[in-house]
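Asks:
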Amino acid sequence: MSDQTRLRIINRFLVFLCSVLIIVAGYYYIEYEDLGKDQGSKVSGPFHYFDIFIHGATSQFQGNDGHVYLYTGKIGNFAYNARDAIIVNPTYYNGEILIDLTSMSNCTGGLLALNASNGHELWCTFFPNQVMTQPIVHGNLAFVGLGNNKFQSSSIRGTGINYIAAVNITNGNIAWKFFTTGEDMPTPVYYNGLIIEPTGGDIVYGLNASTGSAVWSTSIPSYVSMSSPAILNGIIYFGGANPYIFYAINATNGNIVWEEPVSATGGLDDDSPVIFGNSVVTGYTETMINGTFQMFEISFNITNGAINWITNLGFGNQPAMPPIEDPPQTVFKNMILDEPTASNYLYAINPFNGSIIWKFYTGMDDSNANIYRGMIFTVNYTGEMFILNYNGHLIKKINTGIPLGPGNIIFVGKHEIIYGMNGEIKSMYIPLKFRFHHF
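So the sequence shown is numbered by this note's numbering: it starts at 9 and just counts up by one.
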(Lines of atoms letter the chains of each structure in order from A; the text may use other names.)
(Lines give C-alpha, C1' and ligand atoms only; values in the text may rest on other atoms or scores of the structure.)
Protein backbone atom coordinates (compact mmCIF):
# COMPACT_ATOMS: atom_id res chain seq x y z
CA MET A 9 0.00 0.00 0.00
CA SER A 10 1.42 3.36 -1.01
CA ASP A 11 1.92 6.24 1.41
CA GLN A 12 -0.69 8.32 -0.42
CA THR A 13 -3.30 5.55 -0.03
CA ARG A 14 -2.53 5.23 3.69
CA LEU A 15 -2.85 9.02 4.08
CA ARG A 16 -6.24 9.06 2.33
CA ILE A 17 -7.51 6.25 4.59
CA ILE A 18 -6.28 8.02 7.72
CA ASN A 19 -7.84 11.32 6.62
CA ARG A 20 -11.20 9.67 5.95
CA PHE A 21 -11.10 7.98 9.33
CA LEU A 22 -10.26 11.26 11.05
CA VAL A 23 -13.11 13.03 9.27
CA PHE A 24 -15.50 10.25 10.32
CA LEU A 25 -14.23 10.34 13.91
CA CYS A 26 -14.62 14.13 14.11
CA SER A 27 -18.17 13.89 12.78
CA VAL A 28 -19.06 11.34 15.46
CA LEU A 29 -17.49 13.48 18.19
CA ILE A 30 -19.40 16.57 17.01
CA ILE A 31 -22.70 14.68 17.03
CA VAL A 32 -22.07 13.20 20.48
CA ALA A 33 -20.92 16.55 21.88
CA GLY A 34 -23.92 18.26 20.31
CA TYR A 35 -26.24 15.78 21.99
CA TYR A 36 -25.05 16.97 25.37
CA TYR A 37 -24.62 20.64 24.53
CA ILE A 38 -27.40 22.20 22.54
CA GLU A 39 -28.50 25.81 22.73
CA TYR A 40 -32.14 26.77 22.55
CA GLU A 41 -32.62 29.98 20.56
CA ASP A 42 -35.81 31.88 19.86
CA LEU A 43 -36.68 32.50 16.22
CA GLY A 44 -38.09 35.97 16.91
CA LYS A 45 -36.26 39.28 17.10
CA ASP A 46 -35.93 39.17 20.89
CA GLN A 47 -33.54 36.32 21.61
CA GLY A 48 -34.29 36.29 25.35
CA SER A 49 -32.91 33.68 27.72
CA LYS A 50 -30.81 30.76 26.51
CA VAL A 51 -30.24 27.46 28.23
CA SER A 52 -27.86 24.68 27.29
CA GLY A 53 -27.94 21.14 28.56
CA PRO A 54 -28.95 17.55 27.77
CA PHE A 55 -31.42 17.18 24.93
CA HIS A 56 -34.14 14.65 25.80
CA TYR A 57 -36.73 13.25 23.43
CA PHE A 58 -40.20 12.46 24.79
CA ASP A 59 -42.40 12.63 21.73
CA ILE A 60 -45.61 10.61 21.63
CA PHE A 61 -46.96 11.33 18.17
CA ILE A 62 -50.57 10.75 17.19
CA HIS A 63 -50.70 9.31 13.68
CA GLY A 64 -54.41 8.76 13.18
CA ALA A 65 -57.77 9.13 14.88
CA THR A 66 -58.03 10.63 18.35
CA SER A 67 -59.68 8.25 20.80
CA GLN A 68 -59.45 10.15 24.10
CA PHE A 69 -58.87 13.61 25.56
CA GLN A 70 -55.54 15.05 24.35
CA GLY A 71 -54.78 11.89 22.43
CA ASN A 72 -53.35 9.66 25.16
CA ASP A 73 -53.54 8.96 28.88
CA GLY A 74 -50.44 11.09 29.57
CA HIS A 75 -51.77 14.25 27.81
CA VAL A 76 -48.62 14.77 25.71
CA TYR A 77 -50.39 16.06 22.62
CA LEU A 78 -48.28 15.82 19.43
CA TYR A 79 -49.30 15.10 15.83
CA THR A 80 -47.37 14.10 12.77
CA GLY A 81 -48.19 16.01 9.61
CA LYS A 82 -47.69 19.39 8.01
CA ILE A 83 -49.76 22.53 8.45
CA GLY A 84 -49.37 26.18 7.51
CA ASN A 85 -49.09 29.48 9.35
CA PHE A 86 -52.47 31.15 9.86
CA ALA A 87 -54.61 33.14 12.26
CA TYR A 88 -58.40 32.82 12.57
CA ASN A 89 -60.94 34.40 14.90
CA ALA A 90 -63.85 32.07 15.62
CA ARG A 91 -65.78 34.79 17.50
CA ASP A 92 -66.74 32.29 20.21
CA ALA A 93 -64.63 30.88 23.03
CA ILE A 94 -62.50 27.82 22.31
CA ILE A 95 -62.56 26.03 25.67
CA VAL A 96 -60.64 22.79 25.05
CA ASN A 97 -58.27 21.32 22.52
CA PRO A 98 -59.02 21.29 18.81
CA THR A 99 -58.28 18.06 16.96
CA TYR A 100 -56.02 17.79 13.92
CA TYR A 101 -57.12 15.06 11.52
CA ASN A 102 -56.55 14.37 7.83
CA GLY A 103 -55.69 17.95 6.90
CA GLU A 104 -58.49 19.48 8.97
CA ILE A 105 -58.50 21.21 12.34
CA LEU A 106 -61.75 20.52 14.20
CA ILE A 107 -62.68 23.11 16.83
CA ASP A 108 -65.48 23.10 19.37
CA LEU A 109 -66.95 26.55 19.95
CA THR A 110 -68.72 27.79 23.08
CA SER A 111 -70.76 30.98 23.17
CA MET A 112 -70.54 32.30 26.72
CA SER A 113 -73.34 34.83 26.17
CA ASN A 114 -76.24 32.81 24.74
CA CYS A 115 -75.40 29.21 25.69
CA THR A 116 -74.97 27.88 22.17
CA GLY A 117 -72.03 26.14 20.55
CA GLY A 118 -70.67 24.70 17.35
CA LEU A 119 -68.14 22.51 15.63
CA LEU A 120 -65.87 24.33 13.18
CA ALA A 121 -63.56 22.79 10.58
CA LEU A 122 -60.57 24.70 9.21
CA ASN A 123 -58.21 23.83 6.37
CA ALA A 124 -54.94 23.02 8.17
CA SER A 125 -52.84 24.44 5.34
CA ASN A 126 -54.24 27.98 5.32
CA GLY A 127 -56.81 28.30 8.12
CA HIS A 128 -59.76 28.80 5.76
CA GLU A 129 -63.15 27.75 7.07
CA LEU A 130 -64.48 24.52 5.53
CA TRP A 131 -67.78 24.23 7.40
CA CYS A 132 -69.40 25.03 10.74
CA THR A 133 -72.25 23.17 12.44
CA PHE A 134 -74.16 24.90 15.25
CA PHE A 135 -75.83 23.30 18.27
CA PRO A 136 -78.55 24.43 20.73
CA ASN A 137 -76.25 24.27 23.76
CA GLN A 138 -72.63 24.86 24.67
CA VAL A 139 -69.95 22.49 23.41
CA MET A 140 -66.97 21.95 25.72
CA THR A 141 -65.60 18.63 24.53
CA GLN A 142 -62.59 17.99 22.35
CA PRO A 143 -63.77 16.40 19.07
CA ILE A 144 -63.01 12.67 19.14
CA VAL A 145 -62.49 11.30 15.62
CA HIS A 146 -62.92 7.82 14.22
CA GLY A 147 -63.32 7.14 10.52
CA ASN A 148 -65.26 10.02 8.99
CA LEU A 149 -67.09 10.94 12.21
CA ALA A 150 -66.29 13.45 14.93
CA PHE A 151 -68.00 12.98 18.29
CA VAL A 152 -68.89 15.91 20.57
CA GLY A 153 -71.09 16.52 23.60
CA LEU A 154 -73.48 19.37 24.49
CA GLY A 155 -74.10 20.89 27.89
CA ASN A 156 -73.60 23.77 30.33
CA ASN A 157 -72.69 24.17 34.00
CA LYS A 158 -76.13 25.21 35.29
CA PHE A 159 -78.07 22.85 37.58
CA GLN A 160 -81.52 21.33 37.10
CA SER A 161 -81.31 20.04 40.70
CA SER A 162 -78.64 19.26 43.27
CA SER A 163 -77.83 16.02 41.47
CA ILE A 164 -78.49 16.86 37.79
CA ARG A 165 -76.07 19.29 36.13
CA GLY A 166 -76.80 20.83 32.74
CA THR A 167 -79.93 22.68 31.60
CA GLY A 168 -81.42 22.97 28.13
CA ILE A 169 -80.90 20.43 25.35
CA ASN A 170 -78.19 17.88 26.08
CA TYR A 171 -76.97 15.25 23.68
CA ILE A 172 -73.95 13.46 22.23
CA ALA A 173 -73.58 13.97 18.48
CA ALA A 174 -71.69 12.33 15.64
CA VAL A 175 -70.75 14.79 12.88
CA ASN A 176 -69.52 13.91 9.38
CA ILE A 177 -66.11 15.55 9.09
CA THR A 178 -66.33 15.97 5.31
CA ASN A 179 -69.39 18.27 5.34
CA GLY A 180 -70.46 18.94 8.95
CA ASN A 181 -73.75 17.05 8.69
CA ILE A 182 -75.01 15.45 11.90
CA ALA A 183 -75.07 11.65 11.53
CA TRP A 184 -76.83 10.90 14.84
CA LYS A 185 -77.79 12.35 18.23
CA PHE A 186 -78.20 10.64 21.59
CA PHE A 187 -80.15 12.74 24.09
CA THR A 188 -79.19 12.72 27.78
CA THR A 189 -80.76 14.09 30.96
CA GLY A 190 -77.70 16.04 32.08
CA GLU A 191 -74.79 17.76 30.36
CA ASP A 192 -72.22 15.96 28.22
CA MET A 193 -69.20 18.16 28.96
CA PRO A 194 -66.40 15.60 29.50
CA THR A 195 -64.61 14.65 26.29
CA PRO A 196 -65.85 11.16 25.39
CA VAL A 197 -63.70 8.10 24.74
CA TYR A 198 -63.76 5.97 21.60
CA TYR A 199 -63.09 2.30 22.38
CA ASN A 200 -63.72 -0.79 20.28
CA GLY A 201 -66.68 0.63 18.37
CA LEU A 202 -68.16 2.47 21.37
CA ILE A 203 -68.42 6.13 22.35
CA ILE A 204 -68.26 6.30 26.14
CA GLU A 205 -69.44 9.40 28.01
CA PRO A 206 -69.87 10.22 31.72
CA THR A 207 -72.64 12.81 32.07
CA GLY A 208 -74.10 15.40 34.41
CA GLY A 209 -77.16 13.19 34.79
CA ASP A 210 -75.50 10.55 37.03
CA ILE A 211 -75.20 8.06 34.16
CA VAL A 212 -72.27 6.79 32.09
CA TYR A 213 -73.18 5.69 28.56
CA GLY A 214 -71.58 3.33 26.09
CA LEU A 215 -72.99 4.09 22.62
CA ASN A 216 -72.60 2.36 19.29
CA ALA A 217 -70.29 4.75 17.42
CA SER A 218 -71.93 4.04 14.06
CA THR A 219 -75.59 4.38 15.06
CA GLY A 220 -75.67 6.22 18.40
CA SER A 221 -77.80 3.54 20.05
CA ALA A 222 -77.06 2.69 23.70
CA VAL A 223 -75.11 -0.54 24.17
CA TRP A 224 -74.90 -0.10 27.95
CA SER A 225 -75.63 2.50 30.61
CA THR A 226 -74.36 2.59 34.18
CA SER A 227 -75.93 4.66 36.95
CA ILE A 228 -73.53 6.29 39.40
CA PRO A 229 -74.38 8.56 42.34
CA SER A 230 -72.19 11.41 41.03
CA TYR A 231 -72.54 13.97 38.27
CA VAL A 232 -69.43 14.60 36.13
CA SER A 233 -68.43 18.11 35.08
CA MET A 234 -65.38 18.13 32.76
CA SER A 235 -63.39 15.16 34.02
CA SER A 236 -62.55 13.67 30.62
CA PRO A 237 -61.76 9.98 31.13
CA ALA A 238 -58.34 8.46 30.58
CA ILE A 239 -58.47 4.94 29.21
CA LEU A 240 -55.99 2.09 29.51
CA ASN A 241 -56.52 -1.62 28.80
CA GLY A 242 -60.25 -1.18 28.39
CA ILE A 243 -60.85 0.65 31.69
CA ILE A 244 -61.84 4.34 31.88
CA TYR A 245 -60.92 6.56 34.85
CA PHE A 246 -62.62 9.83 35.87
CA GLY A 247 -63.90 11.82 38.84
CA GLY A 248 -67.43 12.80 39.88
CA ALA A 249 -69.12 15.14 42.38
CA ASN A 250 -71.97 15.06 44.91
CA PRO A 251 -70.69 12.70 46.23
CA TYR A 252 -67.04 13.12 45.27
CA ILE A 253 -65.92 9.72 44.05
CA PHE A 254 -63.22 8.59 41.64
CA TYR A 255 -64.33 5.81 39.28
CA ALA A 256 -62.82 2.98 37.24
CA ILE A 257 -65.35 1.52 34.79
CA ASN A 258 -65.09 -1.30 32.26
CA ALA A 259 -65.41 0.25 28.80
CA THR A 260 -66.86 -2.90 27.24
CA ASN A 261 -69.84 -3.48 29.52
CA GLY A 262 -70.04 -0.50 31.90
CA ASN A 263 -69.35 -2.53 35.05
CA ILE A 264 -67.79 -0.55 37.90
CA VAL A 265 -64.31 -2.02 38.50
CA TRP A 266 -63.72 0.10 41.62
CA GLU A 267 -64.76 3.41 43.13
CA GLU A 268 -62.98 5.45 45.78
CA PRO A 269 -64.56 8.30 47.81
CA VAL A 270 -62.46 11.47 48.12
CA SER A 271 -62.79 14.17 50.81
CA ALA A 272 -63.17 16.92 48.21
CA THR A 273 -65.48 19.91 47.89
CA GLY A 274 -64.48 20.63 44.28
CA GLY A 275 -62.11 19.93 41.42
CA LEU A 276 -62.35 16.14 41.25
CA ASP A 277 -65.26 16.28 38.80
CA ASP A 278 -63.39 18.80 36.59
CA ASP A 279 -59.91 17.30 36.54
CA SER A 280 -58.98 15.04 33.61
CA PRO A 281 -56.65 12.41 35.12
CA VAL A 282 -53.45 10.87 33.78
CA ILE A 283 -52.03 7.37 34.06
CA PHE A 284 -48.47 6.65 35.14
CA GLY A 285 -47.39 3.02 35.35
CA ASN A 286 -49.65 1.27 37.84
CA SER A 287 -51.27 4.47 39.11
CA VAL A 288 -53.86 7.01 38.00
CA VAL A 289 -53.34 10.60 39.20
CA THR A 290 -55.78 13.47 39.52
CA GLY A 291 -56.45 16.56 41.66
CA TYR A 292 -59.14 18.06 43.87
CA THR A 293 -59.80 20.98 46.24
CA GLU A 294 -61.28 21.54 49.69
CA THR A 295 -62.98 24.84 50.54
CA MET A 296 -61.80 26.27 53.86
CA ILE A 297 -63.84 28.30 56.38
CA ASN A 298 -62.32 31.59 55.19
CA GLY A 299 -63.29 30.85 51.57
CA THR A 300 -59.83 29.89 50.34
CA PHE A 301 -59.11 26.61 48.60
CA GLN A 302 -56.71 23.93 49.73
CA MET A 303 -55.39 22.06 46.69
CA PHE A 304 -54.42 18.40 46.57
CA GLU A 305 -52.92 15.88 44.18
CA ILE A 306 -53.93 12.25 44.64
CA SER A 307 -52.67 8.93 43.24
CA PHE A 308 -54.70 5.71 43.11
CA ASN A 309 -53.59 2.15 42.47
CA ILE A 310 -54.91 1.54 38.97
CA THR A 311 -55.94 -2.05 39.78
CA ASN A 312 -57.92 -1.70 42.99
CA GLY A 313 -58.29 2.03 43.73
CA ALA A 314 -56.18 2.02 46.89
CA ILE A 315 -54.76 5.49 47.58
CA ASN A 316 -51.00 5.57 47.02
CA TRP A 317 -50.42 9.11 48.28
CA ILE A 318 -52.04 12.53 48.70
CA THR A 319 -50.00 15.74 48.36
CA ASN A 320 -51.06 19.12 49.72
CA LEU A 321 -50.25 21.81 47.16
CA GLY A 322 -51.14 24.71 49.46
CA PHE A 323 -53.86 27.36 49.59
CA GLY A 324 -55.23 29.82 47.07
CA ASN A 325 -58.16 32.05 46.17
CA GLN A 326 -60.42 30.81 43.40
CA PRO A 327 -61.18 33.59 40.88
CA ALA A 328 -64.68 34.07 39.50
CA MET A 329 -63.38 33.03 36.07
CA PRO A 330 -62.32 30.54 34.92
CA PRO A 331 -64.46 28.11 36.92
CA ILE A 332 -62.14 25.11 36.53
CA GLU A 333 -60.55 24.46 39.92
CA ASP A 334 -58.08 21.82 38.79
CA PRO A 335 -57.01 21.57 35.12
CA PRO A 336 -55.75 18.36 33.50
CA GLN A 337 -52.38 16.88 34.43
CA THR A 338 -49.49 15.95 32.12
CA VAL A 339 -47.00 13.09 32.42
CA PHE A 340 -43.40 14.06 31.62
CA LYS A 341 -40.80 11.31 32.13
CA ASN A 342 -40.84 10.68 35.90
CA MET A 343 -42.94 13.73 36.76
CA ILE A 344 -46.60 14.67 36.95
CA LEU A 345 -47.14 18.31 35.91
CA ASP A 346 -50.14 20.07 37.47
CA GLU A 347 -51.32 23.71 37.53
CA PRO A 348 -54.20 24.15 40.02
CA THR A 349 -55.96 27.35 39.02
CA ALA A 350 -55.91 28.97 42.46
CA SER A 351 -52.23 28.18 43.09
CA ASN A 352 -50.66 30.33 40.32
CA TYR A 353 -47.91 27.70 40.06
CA LEU A 354 -46.94 24.83 37.79
CA TYR A 355 -45.94 21.91 40.01
CA ALA A 356 -43.67 19.00 39.09
CA ILE A 357 -44.64 16.07 41.32
CA ASN A 358 -42.88 12.77 41.91
CA PRO A 359 -45.41 10.11 40.78
CA PHE A 360 -43.93 7.45 43.08
CA ASN A 361 -44.35 9.25 46.41
CA GLY A 362 -46.13 12.57 45.67
CA SER A 363 -43.24 14.80 46.73
CA ILE A 364 -42.93 18.20 45.02
CA ILE A 365 -39.82 18.25 42.82
CA TRP A 366 -40.08 21.92 41.82
CA LYS A 367 -42.66 24.62 41.17
CA PHE A 368 -42.69 27.56 38.76
CA TYR A 369 -44.82 30.71 39.01
CA THR A 370 -47.13 31.08 35.98
CA GLY A 371 -49.92 33.26 37.34
CA MET A 372 -53.56 32.23 37.06
CA ASP A 373 -53.79 29.24 34.77
CA ASP A 374 -56.40 26.60 34.01
CA SER A 375 -54.56 24.95 31.11
CA ASN A 376 -52.16 22.05 31.29
CA ALA A 377 -48.58 21.76 30.10
CA ASN A 378 -47.48 20.04 26.91
CA ILE A 379 -44.08 18.60 26.02
CA TYR A 380 -42.08 19.19 22.87
CA ARG A 381 -38.59 17.69 22.48
CA GLY A 382 -37.81 17.66 26.15
CA MET A 383 -39.22 21.12 26.91
CA ILE A 384 -42.33 22.14 28.82
CA PHE A 385 -44.77 24.58 27.18
CA THR A 386 -47.66 26.18 29.07
CA VAL A 387 -49.86 29.24 28.52
CA ASN A 388 -51.63 31.09 31.34
CA TYR A 389 -54.96 32.88 31.44
CA THR A 390 -53.50 36.19 30.22
CA GLY A 391 -51.82 34.56 27.20
CA GLU A 392 -48.23 34.38 28.48
CA MET A 393 -46.42 31.30 27.20
CA PHE A 394 -43.67 29.84 29.36
CA ILE A 395 -41.09 27.44 27.96
CA LEU A 396 -39.22 25.53 30.67
CA ASN A 397 -36.60 22.82 30.75
CA TYR A 398 -36.94 19.53 32.61
CA ASN A 399 -35.72 21.13 35.85
CA GLY A 400 -38.31 23.90 35.76
CA HIS A 401 -35.92 26.65 34.65
CA LEU A 402 -37.25 29.29 32.27
CA ILE A 403 -35.99 29.11 28.70
CA LYS A 404 -38.29 31.71 27.20
CA LYS A 405 -41.44 33.72 27.98
CA ILE A 406 -43.61 34.97 25.11
CA ASN A 407 -46.86 36.97 25.21
CA THR A 408 -49.18 35.23 22.75
CA GLY A 409 -52.23 37.36 23.55
CA ILE A 410 -54.37 34.20 23.62
CA PRO A 411 -55.69 33.00 27.02
CA LEU A 412 -55.96 29.21 27.18
CA GLY A 413 -58.82 27.29 28.78
CA PRO A 414 -58.54 23.76 30.23
CA GLY A 415 -56.46 22.38 27.35
CA ASN A 416 -52.90 22.68 26.11
CA ILE A 417 -50.86 23.89 23.15
CA ILE A 418 -50.93 21.42 20.24
CA PHE A 419 -47.82 20.53 18.26
CA VAL A 420 -48.13 19.43 14.62
CA GLY A 421 -44.82 18.77 12.92
CA LYS A 422 -42.85 22.03 13.22
CA HIS A 423 -45.91 24.10 14.15
CA GLU A 424 -47.74 24.86 17.35
CA ILE A 425 -51.44 25.64 17.56
CA ILE A 426 -52.57 28.11 20.23
CA TYR A 427 -56.27 28.83 20.81
CA GLY A 428 -58.23 30.49 23.54
CA MET A 429 -61.16 31.93 25.39
CA ASN A 430 -61.07 35.02 23.14
CA GLY A 431 -61.94 32.90 20.08
CA GLU A 432 -58.54 33.23 18.43
CA ILE A 433 -56.62 30.31 16.99
CA LYS A 434 -53.12 30.60 15.55
CA SER A 435 -50.81 28.16 13.86
CA MET A 436 -47.17 29.23 13.80
CA TYR A 437 -43.68 27.85 13.80
CA ILE A 438 -42.55 26.60 17.19
CA PRO A 439 -40.63 29.61 18.56
CA LEU A 440 -37.36 27.75 19.18
CA LYS A 441 -34.56 26.34 17.14
CA PHE A 442 -31.66 24.14 18.16
CA ARG A 443 -28.03 24.82 17.37
CA PHE A 444 -24.86 22.84 17.96
CA HIS A 445 -22.08 24.88 19.57
CA HIS A 446 -18.87 25.29 17.55
CA PHE A 447 -15.56 24.20 19.02
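Positions of the beta carbon are idealized from the N, C-alpha and C atoms, including for glycine.
Residue range of the beta strand (DSSP E) that residue 375 falls in?
Replies: In the sequence shown, the residue the question calls residue 375 occupies position 367. Element bounds for residue 375: n/a, residue is neither H nor E.
Asks: Which stretch, first to last residue, makes up the beta strand (DSSP E) that contains residue 217?
Replies: Counting from 1 along the sequence shown, the entry for residue 217 is found at position 209. From DSSP, residue 217 is part of no beta strand (DSSP E); its letter is neither H nor E.
Asks: In the DSSP assignment, find the unbroken beta strand (DSSP E) run with residue 157 in it and report its ends.
Replies: Walking along the sequence shown from the start, residue 157 turns up at place 149. Residue 157 -> no beta strand (DSSP E), and no H or E assigned at all.
Asks: Alpha carbon to alpha carbon, how far is residue 74 from residue 310?
Replies: Start at 1 with the first residue of the sequence shown, and residue 74 comes out as number 66. Start at 1 with the first residue of the sequence shown, and residue 310 comes out as number 302. The straight-line gap from Cα to Cα measures roughly 14 Å.
Asks: Can you list the beta strand (DSSP E) stretches of 3 or more residues lying completely in the region 286 to 339, in chain order?
Replies: Those beta strand (DSSP E) runs which fall completely within the region 286 to 339 and span 3+ residues are 287 to 295, 301 to 309, 315 to 324.
Asks: By the 10 Å Cβ neighbour count, where 16 or more other Cβ atoms means buried, how is residue 369 classified, buried or exposed?
Replies: Translated into positions along the sequence shown, residue 369 becomes position 361. Its Cβ having fewer than 16 others within 10 Å, residue 369 is exposed.
Asks: In whole angstroms, what separates the C-alpha of residue 119 from that of residue 107?
Replies: Along the sequence shown, read from residue 1 onward, the residue named residue 119 stands at position 111. Along the sequence shown, read from residue 1 onward, the residue named residue 107 stands at position 99. Cα to Cα, the separation comes out at about 6 Å.
Asks: Check for me: the beta strand (DSSP E) holding residue 404 runs from which residue to which?
Replies: Numbered from its first residue, the sequence shown carries residue 404 at position 396. First-last of the beta strand (DSSP E) with residue 404: 402 to 407.
Asks: Check whether the Cβ atoms of residue 195 and residue 116 sit closer than 8 Å, and answer yes or no.
Replies: Against the sequence shown, residue 195 aligns to sequence position 187. Against the sequence shown, residue 116 aligns to sequence position 108. No, they are not a contact pair.
Asks: Would you kindly check if the distance between the Cβ of residue 410 and the Cβ of residue 432 is under 8 Å?
Replies: Within the sequence shown, residue 432 is the residue found at index 424, counting from 1. Within the sequence shown, residue 410 is the residue found at index 402, counting from 1. Result yes, Cβ atoms of residue 432 and residue 410 sit closer than 8 Å.
Asks: Distance, Cα to Cα, residue 427 vs residue 437?
Replies: Sequence index remark: in the sequence shown, residue 427 carries index 419 (1-based). Sequence index remark: in the sequence shown, residue 437 carries index 429 (1-based). For residue 427 and residue 437, the distance between alpha carbons rounds to 14 Å.
Asks: Where in the region 153 to 211 do unbroken runs of the beta strand (DSSP E), each at least 3 residues long, occur, reported from the N-terminal end onward?
Replies: Fully enclosed beta strand (DSSP E) runs of 3 or longer: 171 to 176, 182 to 187, 197 to 199, 202 to 206.
Asks: For the beta strand (DSSP E) that contains residue 110, what are its first and last residues?
Replies: For the purposes of this step, residue 110 is identified with residue 102 of the sequence shown, where counting begins at 1. Its beta strand (DSSP E) spans residues 104 to 110.
Asks: Helix, strand or coil: how does DSSP classify residue 248 here?
Replies: Taking the sequence shown and counting its residues from 1, one reaches residue 248 at position 240. Strand at residue 248.
Asks: Considering only the beta carbon of each residue, do residue 295 and residue 279 sit closer than 8 Å?
Replies: Indexing the sequence shown from 1 puts residue 295 at position 287. Indexing the sequence shown from 1 puts residue 279 at position 271. Contact flag unset, no.
Asks: Could you check what DSSP says for residue 360 in three-state terms: helix, strand or coil?
Replies: Counting from one through the sequence shown, the residue named residue 360 turns up at place 352. Residue state, collapsed to three classes: coil.
Asks: Could you check where the beta strand (DSSP E) with residue 435 kicks off and where it finishes?
Replies: Your numbering for residue 435 matches position 427 in the sequence shown. 432 to 437 is the span of the beta strand (DSSP E), which, as asked, contains residue 435.
Asks: Under a three-way DSSP split, which group does residue 71 fall into?
Replies: Counting from 1 along the sequence shown, the entry for residue 71 is found at position 63. Three-state DSSP puts residue 71 in a helix.
Asks: In the DSSP assignment, the beta strand (DSSP E) including residue 90 goes from what residue to what residue?
Replies: Residue 90 sits at position 82 when you count from the first residue of the sequence shown. Unbroken run through residue 90: none, as it is neither H nor E.
Asks: Spell out a yes or no on whether the region 238 to 252 and the region 218 to 227 are touching, meaning 3 or more CB-CB pairs, one atom from each, closer than 8 Å.
Replies: At 8 Å Cβ cutoff, the stretches do not touch.
Asks: Per DSSP, residue 256 is paired with what?
Replies: Residue mapping note: residue 256 aligns to position 248 of the sequence shown, counting from 1. Answer by DSSP bridge pairing, in chain order: 245, 266.
Asks: Between which two residues does the beta strand (DSSP E) holding residue 282 run?
Replies: The residue labelled residue 282 in the question sits at position 274 within the sequence shown. Taken as a continuous stretch (DSSP letters only), the beta strand (DSSP E) holding residue 282 covers 282 to 284.
Asks: Give me the residue from 382, 385, 384, 389 with the minimum Cα distance to residue 351.
Replies: Position 343 of the sequence shown, counted from the first residue, corresponds to residue 351. Taking only the C-alpha atoms, the option nearest residue 351 is 389.
Asks: From the DSSP output, in three-state form, read off residue 347 for me.
Replies: Mapped onto the sequence shown, residue 347 falls at position 339. The answer is coil: DSSP assigns residue 347 none of H, G, I, E or B.
Asks: Helix, strand or coil for residue 77? Go by DSSP, reduced to three states.
Replies: Locating residue 77 in the sequence shown gives position 69, counting from the first residue. Of the three classes helix, strand and coil, the one that applies to residue 77 here is coil, per DSSP.
Asks: Buried or exposed for residue 434, going by 16 or more other Cβ atoms inside 10 Å?
Replies: Taking the first residue of the sequence shown as position 1, residue 434 is located at position 426. When all chains shown are included, residue 434 counts as buried.
Asks: Under 8 Å between the Cβ atoms of residue 320 and residue 307?
Replies: Taking the first residue of the sequence shown as position 1, residue 320 is located at position 312. Taking the first residue of the sequence shown as position 1, residue 307 is located at position 299. Contact: no.
Asks: Comparing C-alpha positions only, which one of 283, 334, 322, 302 sits nearest to residue 313?
Replies: Here residue 313 refers to the residue found at position 305 when the sequence shown is read from its first residue. Nearest option by C-alpha distance: 283.
Asks: Measuring only the C-alpha atoms, how far is residue 127 from residue 104?
Replies: In the sequence shown, the residue the question calls residue 127 occupies position 119. In the sequence shown, the residue the question calls residue 104 occupies position 96. If you take the alpha carbons of residue 127 and residue 104, they lie about 9 Å apart.
Asks: Tell me which residue opens and which closes the beta strand (DSSP E) that residue 410 is part of.
Replies: Position 402 of the sequence shown, counted from the start, is the residue given in the question as residue 410. Neither: residue 410 is in no beta strand (DSSP E) and is coded neither H nor E.
Asks: Got a sec: does the ligand GTP put a non-hydrogen atom nearer than 7 Å to the Cβ of residue 300?
Replies: Among the components of this structure there are no ligands whatsoever, and the ligand GTP is therefore not found.
Asks: Keeping to the same chain, check which residues put their C-beta closer than 8 Å to that of residue 93; ignore five residues upstream and five downstream.
Replies: Taking the first residue of the sequence shown as 1, we reach residue 93 at position 85. Excluding sequence neighbours, residue 93 sits near 109, 110, 111, 112, 413, 428, 429, 430, 431.
Asks: Which two residues bound the contiguous beta strand (DSSP E) that contains residue 101?
Replies: To locate residue 101, count along the sequence shown from 1; it is residue 93. Start and end: 99 to 101.
Asks: Quick one: using the 10 Å Cβ neighbour count with 16 as the cut-off for buried, is residue 161 buried or exposed?
Replies: As a first step, residue 161 must be located in the sequence shown, where it is residue number 153. Flag for residue 161 reads exposed.
Asks: If you draw a straight line from the C-alpha of residue 406 to the C-alpha of residue 396, how long is it?
Replies: Taking the sequence shown and counting its residues from 1, one reaches residue 406 at position 398. Taking the sequence shown and counting its residues from 1, one reaches residue 396 at position 388. If I take the Cα positions, the gap works out to 12 Å.
Asks: State the DSSP-derived secondary structure class of residue 115, mapped to helix, strand or coil.
Replies: Start at 1 with the first residue of the sequence shown, and residue 115 comes out as number 107. Of the three classes helix, strand and coil, the one that applies to residue 115 here is coil, per DSSP.
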